[in-house]
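>
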């Protein structure tokens, strides 16, 4: 449904709503006086509906639904009002209520295209892709060569992971409309998504005001597997305070079921002045309703003279093109005091999941990011902010760059400036 761009102010809406109520009261009084219902001019109901649309698109969902209810009291078959009510409920993530309203409309008017498209959208937003396809097919039957309808179905099939039917449908769309840009982009994304391997290299430099710089270089190879999800092996080479060290790591992201996956990490280094001799990590992530996600896990870092047990977790929210995440770390050491740290991340996605800008701010030590901090200084009081940018330069080449600043209390080393860059090739 096309959004009306004209904005109305609060006083204008109050006047319009008052006029609408006066009109409805006049009709009711007239009907009672004459002992029969009088026909209501359709134009006036349309005026109320347009007001409801304006309110809906101004994010005044409750007021919009109230006008829709007034319309439906006069004309229960004014289906556009029911559809608008359902969409405003869905925008508030009240998907079950929205679907119930639309099912009533479809029961009365089985071929109502607006209702069928609305319930398709609502099931898709709720993650019920199979149900969305069932309703969309009812629209496609009456318009089988519409490339936009076919593309919508291709998107839903892709969400279900049914890539072969998706590709077939995309080629069908391109036969109908060779210039269909969205179909071309999705086809390219799927073809790249079938690439199961990647190699990457990167560098991170930490530059202090009162100490020598730290340098970390890494090379990694990753592969998507059926049993363990994506598995990444990595070699880290570091230079810190004139010492050179080597570390070997493996990460894995196995799936535990629909909406649940795990992060696993293991690492070894013979140079414990730069890296822990042994490191391990485990965390379970669970997708929640309304685009929330929660996790809980731990990290173990074993140094020669100190062992660290780190409890962590996260609570995250996806909202439109944004991702918000809060993550604490509670560190318990065998020979030194414990510490706490907290980090908050905001990420803005652009054209694809591989194209985004992230900002992380927090205080303290991060077991996931501060690879070279060492056992002796993990509990330094500090505040930091880090900015990352990632983009696909080509369908198979991903570039990443970052910069950050960290303030250490007490004058240890002076403050730190960080630069980071990396590149990955998919094949």
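Numbering (the working numbering), first residue to last: 1 to 427.
Glycine is no exception: its CB is placed at the ideal position from the N, C-alpha and C atoms.
1. Compute the distance between the beta-carbons of residue 89 and residue 49, then report whether it is under 9 Å.
2. Only counting the same chain, and skipping five residues up and downstream in sequence, which positions put a Cβ closer than 8 Å to that of residue 186?
3. Exposed or buried, residue 112, counting other C-beta atoms within 10 Å across all chains shown (16 or more means buried)?
4. Once you ignore the five residues that flank residue 61 on each side, which residues in its own chain have a CB closer than 7 Å to its CB?
5. To which residues does DSSP link residue 425 through a beta bridge?
6. Is it true that the CB of residue 389 sits closer than 9 Å to the CB of residue 426?
7. Would you kindly work out how many angstroms separate the C-alpha atoms of residue 360 and residue 403, rounded to a whole number?
8. Note down the Cα distance separating residue 311 from residue 147, rounded to an integer number of angstroms.
9. What would DSSP say about residue 49, mapped onto helix, strand or coil?
10. Just the C-alpha distance for residue 283 and residue 178, rounded to the nearest angstrom, thanks.
11. Taking 9 Å as the threshold (C-beta atoms), are residue 212 and residue 242 in contact?
12. Can you find the residues in the same chain that come closer than 6 Å, C-beta to C-beta, to residue 333, ignoring five residues on each side of it along the sequence?
13. By Cβ distance, which residues of its chain are closer than 6 Å to residue 474, with the 5 residues on each side in sequence left out?
14. Among 319, 118, 106 and 55, which residue has its Cα nearest to the Cα of residue 292?
15. Find out if the Cβ-Cβ distance for the pair residue 350, residue 321 is shorter than 9 Å.
16. In the structure shown, what three-state DSSP assignment does residue 252 receive?
17. Does DSSP put residue 215 in a helix, a strand or coil?
18. Report all residues from its chain with a CB closer than 7 Å to the CB of residue 41; omit the five preceding and five following residues, and keep chain order.
19. What are the start and end residues of the alpha helix (DSSP H) that includes residue 129?
20. If we count the other Cβ atoms within 10 Å of its Cβ and call it buried at 16 or more, is residue 86 buried or exposed?
21. In terms of DSSP beta bridges, what is residue 388 paired with?
22. What does a CB cutoff of less than 6 Å around residue 233 pick up in its chain, not counting 5 residues either side in sequence?
23. Would residue 261 pass as a contact of residue 281 if the rule is Cβ separation under 9 Å?
24. Following the continuous alpha helix (DSSP H) through residue 184, name the residue where it begins and the one where it ends.
25. With distance defined between alpha-carbon atoms, name the residue in 355, 102, 54 and 176 nearest to residue 323.
26. From residue 98 to residue 362, what does the alpha carbon distance come to, in whole angstroms?
27. Indicate the three-state DSSP secondary structure (helix, strand or coil) for residue 171 in the structure shown.
28. Considering only residues of the stretch 251-308, which uninterrupted alpha helix (DSSP H) runs meet the minimum length of 4 residues and lie entirely inside it, listed in chain order?
29. I need the straight-line Cα distance from residue 348 to residue 315, nearest angstrom please.
30. Is DSSP giving residue 107 helix, strand or coil here?
31. Give the straight-line distance between the Cα atoms of residue 336 and residue 278, rounded to the nearest whole angstrom.
32. Taking all protein chains shown into account, do 16 or more other C-beta atoms lie within 10 angstroms of the C-beta of residue 375, making it buried, or fewer, making it exposed?
33. According to DSSP, simplified to helix, strand and coil, what is residue 364?
Inspection of the coordinates gives the following:
1. no
2. 151, 154, 155, 158, 166 and 170
3. buried
4. 88, 91 and 92
5. 199 and 397
6. no
7. 11 Å
8. 51 Å
9. helix
10. 46 Å
11. yes
12. 306 and 308
13. No statement about residue 474 is possible, as the shown extent of the chain runs from 1 to 427 and does not include it.
14. 319
15. yes
16. strand
17. strand
18. With a pLDDT of only 49 at residue 41, under the threshold of 50, the placement of this residue in the model should not be trusted, and no figure is reported.
19. 129-142
20. buried
21. 358 and 402
22. 221 and 250
23. no
24. 181-193
25. 355
26. 40 Å
27. helix
28. none
29. 17 Å
30. helix
31. 18 Å
32. Note that residue 375 scores a pLDDT of 49, beneath 50, so its modelled location is shaky; the value from the coordinates is reported in the next line. Buried.
33. coil
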